[in-house]
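Top line first, the protein sequences correspond to chains C and Z.
Each step along the first sequence adds one to the number in numbering that gives the first Met the number 0, with nothing skipped, and position 101 is 100.
Each step along the second sequence adds one to the number in numbering that gives the first Met the number 0, with nothing skipped, and position 33 is 32.
Just so it is clear, CB atoms sit at the ideal spot from N, CA and C, and this is done for glycine as well.
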Amino acid sequence: MRQLMTKWRPYLTVFRLRALQETQYRAAALGGLVTQVFFGLVYIFLYTALYAGSDPQALRDTITYVWIQQMFFRMMFSNDGELTNLIMSGGVAYMLVRPIDQHRFWVCREVGGRLVGAGMRMLPMLLVQLLLPVELRISLPDSPVALLQFVLSVGLGVLCLCELTSIIDAINMKTLDRRGISAILNLTMLTFSGNVIPLTLFPDGLQTLVRYQPFAQALDASIRMYQHAAALPEWALNVGVQIAWILILRAIGRAMWARQLNNMIVQGG
Amino acid sequence: MAFIEAKGLSKVYVRYNAPRTGGISRLWKRERQEIPALTDANFTIDRGELVGLIGPNGAGKSTTVKLLTGILTPTGGTCTVDGRTPWENRREHVRRLGAVFGQRTQLWWDVPIRDSFLLLRDIYGLEEKRWQRRLDGLVDALELEGFLNAPLRQLSLGQRMRAELCGSLLHEPQLLFLDEPTIGLDAVSKLKLRAFLREENERGGTTILLTTHDMEDMLALCSRVMVLGHGRLLYDGALDALLQRYDTVHTLRVTYDGGADVSALTAAAQVTRDGDAFILTYEPATLPTSTLLPMVLYAGRVREMTLKEQNVDELIARMYREMKL
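This is the structure in structure tokens:
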């Protein structure tokens with residue numbers, strides 16, 4: 000146990016420091032808050048017009064979906080400038096003089112930044128809800144169990160995202176330019192994570208495919224639990240899919256990092 | 000067994016260039032170029048030594064340091080540091096060493112340097128009390144007190160270098176690599192840094208390998224130097240002996256009251272005039288200063304006299320020229 004603590008201590012510390020650092024960026028959080036509320040309202044007005052005269056419950060669900068997506072926007076889309084700079088400048092090679100697992104170190108750092116960044120935008124956005132007319136507000140979770148399932152699932156979602164980010168970082172190490180891969184990935188992410196159109200609104204025939212692809216594990220899976228408390232077998236399946244993707248992305252990410260760091264070592268950064 | 004032992008250590012970089020000729024074929028053609036950065040280097044360094052590594056730009060100094068820290072894999076030869084091969088057990092190896100690369104940063108850019116030091120404590124698994132004591136000592140010696148809470152990006156170059164040095168010494172490494180540590184520092188900071196390094200070496204027993212372009216660093220710190228040029232180790236030995244070998248010309252500037260008969264001097268050395276003064280250029284190897292001096296005094300009533308050795312930079316430049324670097 001004690002050995003395990005010592006082993007994990009540097010990674011927990013970098014998580015904590017990154018989280019603390021994120022709390023310093025209050026102006027950015029305020030800016031994010033304003034943007035996300037604006038986008039949330041735009042989408043909601045759009046869906047209100049679209050659903051006019053049809054199923055009111057479907058509209059309520061869509062509004063809730065949109066709000067949760069906006070609240071966690073920072074968790075979904077952000078990048079760690081420090082690592083990008085280190086990669087571009089070649090400084091990342093010099094990090095190798097530290098006796099740490101580089102991949103684990105940067106993933107933990109990323110988790111800290113994303114969680115706190117999202118939290119700093121989400122909490123004020125919950126307060127903003129109180130200022131809105133009832134029909135535009137986020138709905139309460141299906142049940143306390145649903146809320147619990149949601150929170151746990153968001154935790155898995157952030158891990159999934161950070162493992163995905165580490166893959167992008169590895170590609171970045173190869174190409175030394177983040178722009179290309181970011182452009183492709185941002186569009187894919189926006190679409191397949193449900194940020195532009197809720198994944199629940201994709202055609203029925205595609206639902207199975209859409210639900211179990213990796214981008215849906217970031218947040219869509221969690222929102223579904225928020226809106227509909229799952230019975231044990233279904234819950235186990237959903238969480239199982241999230242964990243499976245984390246493990247798959249992690250294996251790919253680690254292999255790519257090992258290869259890139261090794262190349263760096265051979266080539267000399 | 001020596002602390003550091005390198006045998007036939009070599010490193011060849013491979014670079015791909017666009018071909019010099021051809022138009023559209025440049026799209027898919029590329030030229031492979033091999034750049035030997037270090038060729039067949041053999042040396043040993045004992046525990047507690049302070050060794051300087053000098054050479055012109057591109058001589059292979061940084062490559063040598065990177066090989067010894069384990070962040071580069073050589074293309075040939077072997078090397079052990081304290082019985083371990085750096086690039087094979089890298090994580091185990093780097094746990095015991097510290098490194099400062101003058102133009103790179105290893106602390107975290109955006110967080111207060113105190114937090115970086117905290118993170119280093121956990122990275123090296125240091126015990127709280129020991130870490131605190133060591134940190135206090137380093138903060139004191141490197142005068143970091145005033146800006147422990149400032150993020151690295153807000154520090155001046157000199158402050159940053161001191162912070163980096165503190166970060167590389169917190170875990171009391173047996174071996175310290177410094178790649179141009181005084182680059183860009185002002186005179187006062189340089190003097191302080193040198194005093195600190197000497198102390199760390201003498202009292203702490205830390206083995207230090209230092210690369211620099213600053214000859215004053217060399218004179219102040221290193222008794223042993225290794226000279227690299229074109230990736231080859233050209234000299235390895237005492238700094239004094241190296242200086243003596245190339246320090247072949249002295250100048251003596253002398254001014255006389257009234258007239259002076261310099262005919263004897265003209266016969267022995269090369270004499271030029273600079274206003275009132277005579278400038279005598281001679282080679283101490285053939286004409287010892289002790290032989291020349293009585294002749295100078297005999298020639299007239301000396302008002303003033305200054306003896307100048309060769310400037311170290313000029314001397315090294317001459318050495319590089321003679322070694323065809």
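Determine the direct distance from the alpha carbon of residue j to that of residue i, and round the result to whole angstroms.
i      : j      : result
Z/L227 : Z/D235 : 9 Å
C/G90  : Z/L164 : 17 Å
C/S181 : C/L163 : 12 Å
Z/P85  : C/I247 : 32 Å
Z/G257 : Z/L306 : 21 Å
Z/R120 : C/R108 : 17 Å
C/T207 : Z/G22  : 51 Å
Z/G54  : Z/H212 : 7 Å
C/G268 : Z/Q269 : Low local confidence applies: a pLDDT of 46 at C/G268 is under 50, so the model's placement there is unreliable, with the coordinate-based value given in what follows. In a straight line, the C-alpha of C/G268 is about 52 Å away from that of Z/Q269.
Z/C78  : Z/E4   : 6 Å
C/L184 : Z/D139 : 49 Å
C/L189 : C/V195 : 6 Å
C/W256 : C/L175 : 14 Å
C/F44  : C/I167 : 35 Å
C/N84  : C/L129 : 41 Å
Z/I315 : Z/L238 : 11 Å
C/L135 : C/I62  : 7 Å
Z/I44  : C/R73  : 52 Å
Starting from residue i, trace the alpha helix (DSSP H) both ways and give me its first and last residue.
i      : result
Z/M160 : L156 to L168
C/G156 : P143 to T174
C/M75  : F72 to M75
Z/E91  : R89 to V93
C/C107 : Q101 to L130
C/N185 : R177 to F191
Z/T74  : Counting along the chain, Z/T74 falls outside any alpha helix (DSSP H), and DSSP gives it neither H nor E.
Z/S222 : Segment: none, Z/S222 is in no alpha helix (DSSP H) and carries neither H nor E.
C/A229 : No alpha helix (DSSP H) contains C/A229, which DSSP labels as neither H nor E.
Z/F176 : Note, Z/F176: premise wrong, no alpha helix (DSSP H); beta strand (DSSP E) at L174 to D178.
So, under 8 Å CB-CB, residue i and residue j are touching, yes? Tell me the CB distance rounded to an integer number of Å.
i      : j      : result
Z/R223 : Z/E30  : About 41 Å; that fails the 8 Å criterion.
Z/L218 : Z/I207 : The pair is not a contact, with the Cβ atoms about 15 Å apart (cut-off 8 Å).
Z/H249 : Z/P283 : 6 Å
C/M172 : C/I86  : 5 Å
Z/F42  : Z/M225 : 6 Å
Z/C221 : Z/G51  : 3 Å
Z/D81  : Z/Q158 : Actually they are not in contact, since the Cβ atoms of Z/D81 and Z/Q158 sit about 32 Å apart, beyond 8 Å.
C/A217 : C/C159 : 6 Å
C/R17  : C/G112 : 5 Å
C/T5   : Z/G124 : 5 Å
Z/T68  : Z/A40  : Incorrect: roughly 15 Å between the Cβ atoms, too far for contact.
C/P9   : Z/L118 : 7 Å
What residue range is occupied by the uninterrupted beta strand (DSSP E) comprising residue i?
i      : result
Z/F116 : Note, Z/F116: premise wrong, no beta strand (DSSP E); alpha helix (DSSP H) at I112 to I122.
Z/F100 : L96 to F100
C/N84  : No beta strand (DSSP E) contains C/N84, which is instead part of the alpha helix (DSSP H) from G80 to S88.
Z/Q269 : Q269 to D273
Z/E33  : E30 to I44
Z/K307 : R300 to K307
Z/R19  : No beta strand (DSSP E) holds Z/R19; DSSP gives it neither H nor E.
Z/I278 : A276 to Y281
Hey, would you say residue i sits closer than 8 Å to residue j, going by beta carbons?
i      : j      : result
C/G156 : C/A220 : yes
C/S152 : C/V238 : yes
Z/R302 : Z/T254 : yes
Z/G166 : Z/F100 : no
C/Q35  : C/M124 : yes
C/G193 : C/A229 : no
C/V110 : C/T22  : no
Z/T74  : Z/V11  : yes
Z/K333 : Z/T181 : Given a span of 0 to 324 for chain Z in the structure shown, any question on residue 333 of chain Z remains unanswerable.
Z/R25  : Z/A36  : no
Z/R14  : Z/I34  : yes
Assign residue i to one of two classes, buried (16 or more other C-beta atoms within 10 Å of its C-beta) or exposed (fewer than that).
i      : result
C/N261 : exposed
C/M96  : Before going on, a small fix: residue 96 of chain C reads as Val here, not Met. With 16 or more other Cβ atoms within 10 Å, it is buried.
Z/L175 : buried
C/G30  : exposed
C/A48  : exposed
Z/E308 : exposed
C/Q2   : exposed
C/F37  : exposed
C/Q69  : buried
Z/S61  : buried
Z/R129 : exposed
Z/K323 : exposed
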